[in-house]
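Working notes, beginning with the structure itself.
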Amino acid sequence: MTAATAPADRARGDQLRAILRGPGVPSKQLRDGGLIDGIPELAALGRTPQDPTWHPEGDVLVHSLWAADLAAQHADETAAPTPADSRELLVLAALWHDIGKPETTQRRNGRITSYGHAERGAEIAASLGRRLGLPDPLVRAASAIIATHMAHVSVAGRPSPKAVKRLRDRLRAAGASLEEWAVVVRCDGDARGAAARPDASIPWLRVAATLPPLRES
Numbered sequence: 001m002t003a004a005t006a007p008a009d010r011a012r013g014d015q016l017r018a019i020l021r022g023p024g025v026p027s028k029q030l031r032d033g034g035l036i037d038g039i040p041e042l043a044a045l046g047r048t049p050q051d052p053t054w055h056p057e058g059d060v061l062v063h064s065l066w067a068a069d070l071a072a073q074h075a076d077e078t079a080a081p082t083p084a085d086s087r088e089l090l091v092l093a094a095l096w097h098d099i100g101k102p103e104t105t106q107r108r109n110g111r112i113t114s115y116g117h118a119e120r121g122a123e124i125a126a127s128l129g130r131r132l133g134l135p136d137p138l139v140r141a142a143s144a145i146i147a148t149h150m151a152h153v154s155v156a157g158r159p160s161p162k163a164v165k166r167l168r169d170r171l172r173a174a175g176a177s178l179e180e181w182a183v184v185v186r187c188d189g190d191a192r193g194a195a196a197r198p199d200a201s202i203p204w205l206r207v208a209a210t211l212p213p214l215r216e217s
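In terms of the UniProt record's numbering, the sequence shown has 92 at position 92, counting the first letter as 1, and numbering is strictly consecutive.
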């Protein structure tokens with residue numbers, strides 16, 4: 001980052017935070033505010049295709065914006081008022097959950113894959129968050145959710161208490177919660193149009209409910 005570009009990035013970060021914290025529909029505000037073109041990592045999502053079997057809705061940008069809108073809707077419609085800080089985390093993590101796909105997407109035997117995109121996405125999110133001047137706690141929490149948003153894929157059926165506790169503890173250490181992770185997983189699954197799947201977070205939340213409660217640090 002050069003001294004000339006730093007103020008522009010900081011301004012984009014402030015603009016992004018205002019969108020994340022609400023009110024309004026994130027996808028429209030991001031487009032209207034020029035942030036998609038202004039942030040190269042977001043623009044790259046629109047140039048990244050997805051396997052139509054799993055993502056008939058379109059490219060990664062279409063999917064990510066839809067997920068962000070769903071996260072904002074969840075935050076705005078929950079029975080108890082959602083603090084702006086929580087809305088900000090949910091929408092950011094949903095918006096950036098596939099930000100690693102441009103660097104990991106490949107065509108293999110006629111299929112489009114993006115192995116490792118969650119882990120790479122967390123690295124990109126951490127770097128991008130710093131460049132935009134986002135608060136460190138927000139970036140850490142969002143990066144943890146991004147890194148683990150595919151954790152459920154590796155488990156067939158009901159996850160073990162050990163696996164759930166490990167995920168819960170990892171998220172908590174980063175300033176996030178299993179419940180916030182579950183919202184992003186749910187939005188990811190729903191933002192697939194005709195290929196939407198049952199909520200993959202439910203088995204994890206059910207097992208979490210059987211674990212000893214977390215102690216306040």
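For every residue, glycine included, the Cβ atom is placed at its ideal position computed from N, Cα and C.
>> Let me make sure I understand the geometry here. Which of Pro-137, Asp-136 and Glu-119 has the alpha-carbon closest to that of Ala-151?
In response: For the purposes of this step, residue 151 is taken as residue 151 along the sequence shown, with counting starting at 1. Checked all of Pro-137, Asp-136 and Glu-119; the closest Cα to Ala-151 is Glu-119.
>> Tell me the DSSP secondary structure of Thr-210 in three-state form.
In response: Locating residue 210 in the sequence shown gives position 210, counting from the first residue. In this structure, DSSP gives Thr-210 a state outside helix and strand, which the three-state scheme calls coil.
>> Just to confirm, is the Cβ distance from Ile-112 to Asp-188 under 8 Å?
In response: What you label residue 112 is simply residue 112 of the sequence shown in a count that begins at 1. What you label residue 188 is simply residue 188 of the sequence shown in a count that begins at 1. The answer is no: Cβ separation not under 8 Å.
> What number of angstroms, rounded off, separates the C-alpha of Pro-135 from the C-alpha of Gly-13?
Replying inline: Position 135 of the sequence shown, counted from the start, is the residue given in the question as residue 135. Position 13 of the sequence shown, counted from the start, is the residue given in the question as residue 13. When rounded, the distance between both Cα atoms is 10 Å.
> For Val-60, which of Pro-49, Asp-69 and Ala-173 has the nearest alpha-carbon?
Replying inline: Within the sequence shown, residue 60 is the residue found at index 60, counting from 1. Residue Pro-49 is the option with its Cα nearest to Val-60.
>> What would DSSP say about Ile-39, mapped onto helix, strand or coil?
In response: As a working note, residue 39 is residue 39 in the sequence shown. Three-state DSSP puts Ile-39 in coil, outside helix and strand.
> How many whole angstroms separate the CB atoms of Ala-163 and Ala-93, which I take to be in contact at a CB cut-off of 8 Å?
Replying inline: For the purposes of this step, residue 163 is identified with residue 163 of the sequence shown, where counting begins at 1. For the purposes of this step, residue 93 is identified with residue 93 of the sequence shown, where counting begins at 1. With 8 Å as the limit, Ala-163 and Ala-93 do not qualify as a contact, their Cβ atoms being about 20 Å apart.
> Taking buried to mean at least 16 other C-beta atoms within 10 Å of its own C-beta, is Asp-98 buried or exposed?
Replying inline: Taking the sequence shown and counting its residues from 1, one reaches residue 98 at position 98. The residue in question, Asp-98, is buried, as its Cβ has 16 or more Cβ neighbours within 10 Å.
>> Out of Leu-132, Ser-201 and Ala-75, which one is the CA nearest neighbour of Ala-156?
In response: As a working note, residue 156 is residue 156 in the sequence shown. Cα-wise, what sits closest to Ala-156 is Ser-201.
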